[in-house]
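These notes are about the structure you will find just below.
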Amino acid sequence: MFYNHFVYITTSEYRTTLYVGVTNNIQRRLSQHYFDSQNSKKSFAGKYNCIYLVYYEGFENPNDAIAREKEIKKWRREKKNSIISTFNPKWETLNNQIF
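Residues 1 to 99, numbered by full-length UniProt numbering, are exactly what the sequence shown covers, in order.
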(Lines of atoms letter the chains of each structure in order from A; the text may use other names.)
(Lines give C-alpha, C1' and ligand atoms only; values in the text may rest on other atoms or scores of the structure.)
Protein backbone atom coordinates (compact mmCIF):
# COMPACT_ATOMS: atom_id res chain seq x y z
CA MET A 1 0.00 0.00 0.00
CA PHE A 2 1.25 3.48 -0.85
CA TYR A 3 0.94 6.18 1.78
CA ASN A 4 0.96 9.90 1.08
CA HIS A 5 1.11 11.10 4.70
CA PHE A 6 3.08 10.04 7.74
CA VAL A 7 3.00 10.48 11.48
CA TYR A 8 6.48 10.04 12.84
CA ILE A 9 8.49 10.22 16.03
CA THR A 10 12.08 11.36 16.14
CA THR A 11 14.38 11.39 19.12
CA SER A 12 17.71 12.77 20.25
CA GLU A 13 20.98 10.82 20.22
CA TYR A 14 20.53 9.48 23.76
CA ARG A 15 16.77 8.94 23.34
CA THR A 16 15.92 11.53 25.99
CA THR A 17 13.60 13.80 23.96
CA LEU A 18 10.80 12.84 21.58
CA TYR A 19 9.26 14.86 18.76
CA VAL A 20 5.96 13.84 17.15
CA GLY A 21 5.18 15.22 13.71
CA VAL A 22 3.12 14.76 10.56
CA THR A 23 4.25 15.24 6.97
CA ASN A 24 3.49 14.37 3.37
CA ASN A 25 7.21 13.89 2.61
CA ILE A 26 9.08 12.15 5.42
CA GLN A 27 12.48 12.27 3.69
CA ARG A 28 12.28 16.03 3.21
CA ARG A 29 11.02 16.57 6.74
CA LEU A 30 13.87 14.59 8.31
CA SER A 31 16.33 16.60 6.21
CA GLN A 32 14.74 19.81 7.52
CA HIS A 33 15.08 18.61 11.12
CA TYR A 34 18.73 17.73 10.54
CA PHE A 35 19.48 21.08 8.85
CA ASP A 36 17.83 22.99 11.70
CA SER A 37 19.73 20.99 14.33
CA GLN A 38 23.02 21.92 12.66
CA ASN A 39 22.18 25.57 11.99
CA SER A 40 19.52 27.89 13.37
CA LYS A 41 17.90 25.58 15.96
CA LYS A 42 14.59 27.44 15.57
CA SER A 43 12.29 24.42 15.78
CA PHE A 44 11.76 22.08 18.72
CA ALA A 45 13.30 19.19 16.80
CA GLY A 46 16.29 21.31 15.85
CA LYS A 47 16.80 22.74 19.31
CA TYR A 48 16.79 19.31 20.94
CA ASN A 49 18.51 17.50 18.04
CA CYS A 50 15.55 15.16 17.45
CA ILE A 51 16.86 13.87 14.14
CA TYR A 52 16.72 10.10 14.67
CA LEU A 53 13.58 8.48 13.28
CA VAL A 54 12.34 5.70 15.58
CA TYR A 55 8.66 5.36 14.61
CA TYR A 56 6.35 6.10 11.71
CA GLU A 57 2.86 5.29 10.47
CA GLY A 58 1.55 5.79 6.94
CA PHE A 59 -1.85 7.21 5.98
CA GLU A 60 -3.66 7.77 2.70
CA ASN A 61 -5.84 10.55 4.09
CA PRO A 62 -4.17 13.69 5.51
CA ASN A 63 -6.97 14.23 8.02
CA ASP A 64 -6.41 10.77 9.47
CA ALA A 65 -2.68 11.50 9.82
CA ILE A 66 -3.33 14.83 11.54
CA ALA A 67 -5.83 13.25 13.92
CA ARG A 68 -3.34 10.49 14.81
CA GLU A 69 -0.56 13.04 15.41
CA LYS A 70 -2.81 14.99 17.78
CA GLU A 71 -3.74 11.77 19.58
CA ILE A 72 -0.12 10.71 20.09
CA LYS A 73 0.98 14.19 21.17
CA LYS A 74 -1.48 14.02 24.07
CA TRP A 75 0.00 10.79 25.40
CA ARG A 76 2.38 10.55 28.33
CA ARG A 77 5.96 9.59 27.61
CA GLU A 78 5.41 6.00 28.80
CA LYS A 79 2.71 5.37 26.19
CA LYS A 80 4.84 6.90 23.42
CA ASN A 81 7.74 4.69 24.54
CA SER A 82 5.43 1.68 24.33
CA ILE A 83 4.34 2.24 20.71
CA ILE A 84 7.94 2.89 19.70
CA SER A 85 9.11 -0.28 21.46
CA THR A 86 6.37 -2.35 19.83
CA PHE A 87 7.23 -1.00 16.38
CA ASN A 88 11.00 -0.78 16.86
CA PRO A 89 12.06 -2.86 19.92
CA LYS A 90 15.72 -1.76 19.90
CA TRP A 91 14.90 1.89 19.15
CA GLU A 92 17.13 1.68 16.12
CA THR A 93 17.50 4.71 13.89
CA LEU A 94 15.21 4.16 10.91
CA ASN A 95 16.30 7.14 8.80
CA ASN A 96 17.96 4.92 6.19
CA GLN A 97 14.81 2.82 5.76
CA ILE A 98 12.89 5.70 4.26
CA PHE A 99 15.59 7.12 1.96
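For every residue, glycine included, the Cβ atom is placed at its ideal position computed from N, Cα and C.
It should be emphasised that the depicted structure is a prediction, and the values quoted were computed from it without experimental measurement.
Buried or exposed by the 16-neighbour rule on C-beta atoms within 10 Å, applied to residue i
i, result
"Ile51", "buried"
"Ser37", "buried"
"Glu69", "buried"
"Arg28", "exposed"
"residue 100", "Here the chain covers residues 1 to 99 and nothing more, so residue 100 does not appear."
"Thr10", "buried"
Closest Cα partner of residue i within the set the options
i, options, result
"Leu18", "Glu78, Lys42 and Gly58", "Glu78"
"Val20", "Val7, Tyr14 and Ile84", "Val7"
"Thr16", "Asn49, Asn61, Asn95 and Leu30", "Asn49"
Beta-ladder partner(s) of residue i, from DSSP
i, result
"Asn33", "First, the amino acid is wrong: residue 33 is His here, not Asn. Per DSSP, none; premise fails for His33."
"Val22", "Val7"
"Glu57", "Val7"
"Tyr52", "Thr11"
Rounded distance between the beta-carbons of residue j and residue i, thought under 8 Å
i, j, result
"residue 108", "Tyr56", "Past the boundaries of the shown model lies residue 108; the chain is included only from 1 to 99, so the question cannot be answered."
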